[in-house]
Amino acid sequence: MANSLFLPNYTLIAPPPRRLSASVSSKPNKPQPPLLPCPPPPLGFINFSLTSNSSSSIINPSSRRRAASSFKSRLAPQDSVPPTNSRKESSKSNAGPSGSGGDEEQLPSLKTLLKVYKEAIFNGDGKTVSEVEAIIQVIENEKKELVEKVSSASAEITSGKEKLIRLQADFDNCRKRFDKERLTVRTDAQGEVIESLLPMVDNFERARQYLKPETEKEKKIDASYQGIYKQFVEIMRSLDVAVVPTVGKPFDPSLHEAIAREESQELKEGIIIQEIRRGFLLGGRLLRPATVKVSSGPGSKKSPVATEKTTAGVEK
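Using the working numbering, the letters of the sequence shown correspond one by one to residues 5 to 320.
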């Protein structure tokens, strides 16, 4: 044979004879004849093919049985999984073991499972069919669990969104309330300071009414006084302080304080005819009400007949 290999001739030398102990046999050892060299048999029946397509091992029936794939090996996850798998299968593989330990990681792809199931039905393998149906049942149970988890997660997300909306509304209300309280505190502090300065404003007003400069020196004093008063008024205006309107306006109990009522032929009843003391406003807040006199309307004129009757009665 062209591709056969032949081993070179070797002379086999027999090992030295073993001596048996006296306890085993009492017979004397006979000398063994030496082994004569004999040519080795040809090894043509063993064919070692050196071609690139041949295998380097001898194939026997036992190796064929080992090479046959079992059901579990056929159902094992393959590396050539098609890229069109659904997201649920990828999520299952990434989720890891849950209640059934590491069995979930060994579940095959659906395509491989269906292929094995068809082959088992075609070959009449009832055991394989039962195993595939059991795996399908496991997949169905996992699908139900995943649907329940998705529903629960959706409910939690909806609840979280509602809580977030409520928290946002509470935060906005809290911010508005805080801004309002801060403005109120600021206004109260300004009001207290301005109220303490109102008596000084009254003194300025009285001095301006009664002061009548005649000499040159008095006029200089009056000019400096008026300059100080004007500067003070500008400061009050910058603080949003305003004077309560009085004369010619209807009486308002929330802004005015009446100390007298007088008859007036010119003004109707309820109209302010005189301001006794000024009132002030800080923004929309009343610092001090204005003290005023209110008209009671024109007086009633007595008729001449009634006057004559009264005079006659007095004479009698």
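Built from N, CA and C at the ideal position, the CB exists for glycine as well.
From a predicted model like this one, the values you see are computed outputs, not experimental measurements.
Asked: Thinking C-beta only, is LEU286 closer than 7 Å to VAL247?; Found: no
Asked: For VAL154, which three-state DSSP category applies?; Found: helix
Asked: Using CA coordinates, which residue listed in LYS272, SER268, THR295 and GLU273 is at the minimum distance from ILE280?; Found: THR295
Asked: Which whole-angstrom value describes the C-beta separation of ALA124 and THR132, a residue pair presumed to lie in contact below a C-beta threshold of 8 Å?; Found: 4 Å
Asked: Count Cβ pairs between the stretch 288 to 302 and the stretch 250 to 263 that sit closer than 8 Å; are there 3 or more?; Found: yes
Asked: Please report the residue range of the beta strand (DSSP E) in which ILE275 lies.; Found: Element bounds for ILE275: n/a, residue is neither H nor E.
Asked: Can you have a look at VAL205 and say buried or exposed, based on whether 16 or more other CB atoms are within 10 angstroms of its CB?; Found: buried
Asked: TYR121: beta carbon under 6 Å from a heavy atom of the ligand SAH?; Found: By its list of ligands, the structure shown contains no ligand whatsoever, and the ligand SAH lies outside what it can speak to.
Asked: Using the three-state DSSP reduction, which class does GLU123 fall into: helix, strand or coil?; Found: helix
Asked: When we look at the beta-carbon of GLY283 and count the other beta-carbons within 10 Å, is it buried (16 or more) or exposed?; Found: buried
Asked: Give me the Cα-Cα distance between SER113 and ILE161, rounded to the nearest whole angstrom.; Found: 31 Å
Asked: Leaving out five residues before and five after LEU215 in sequence, what residues of the same chain have Cβ atoms less than 7 Å from its Cβ?; Found: ASP226
Asked: Could you spell out the range, first to last residue, of the alpha helix (DSSP H) harbouring ARG241?; Found: 220 to 242
Asked: With 16 as the cutoff for other CB atoms within 10 Å, does GLY239 come out buried or exposed?; Found: Sequence inspection shows Ile at residue 239; the Gly mentioned does not correspond to that position. So ILE239 ends up on the exposed side.
Asked: Would GLU199 pass as a contact of LEU290 if the rule is Cβ separation under 7 Å?; Found: no
Asked: The beta strand (DSSP E) that contains SER299, what's its start and end?; Found: 294 to 299
Asked: Answer with buried or exposed for PRO302, where buried requires no fewer than 16 other C-beta atoms within 10 angstroms of its C-beta.; Found: exposed
Asked: Which residue's Cα is closest to the Cα of ILE139: SER155, LEU118 and SER156?; Found: LEU118
Asked: If you run the structure through DSSP and keep just helix, strand and coil, what is PHE284?; Found: strand
Asked: Is DSSP giving PRO87 helix, strand or coil here?; Found: Bear in mind that the predicted position of PRO87 carries a pLDDT of just 41, short of 50, making it too unreliable to give a figure here.
Asked: Quick check on DSSP: helix, strand or coil for GLU209?; Found: helix
Asked: Can you tell which of GLU273, GLU266 and SER242 has the C-alpha that lies nearest to the C-alpha of LYS253?; Found: GLU273
Asked: What do you reckon, are the CB atoms on ILE232 and VAL251 nearer than 7 Å?; Found: no
Asked: Residues in the same chain with beta-carbon distance under 8 Å from PRO217, minus the five sequence neighbours each way, listed in chain order, please.; Found: LYS223, ILE225 and ASP226
Asked: So the candidates are GLN278, ARG179 and ASP129; which of them puts its Cα closest to the Cα of GLU266?; Found: GLN278
Asked: Counting C-beta neighbours from all protein chains within 10 Å, is the total for VAL136 16 or more, i.e. buried, or is it exposed?; Found: buried
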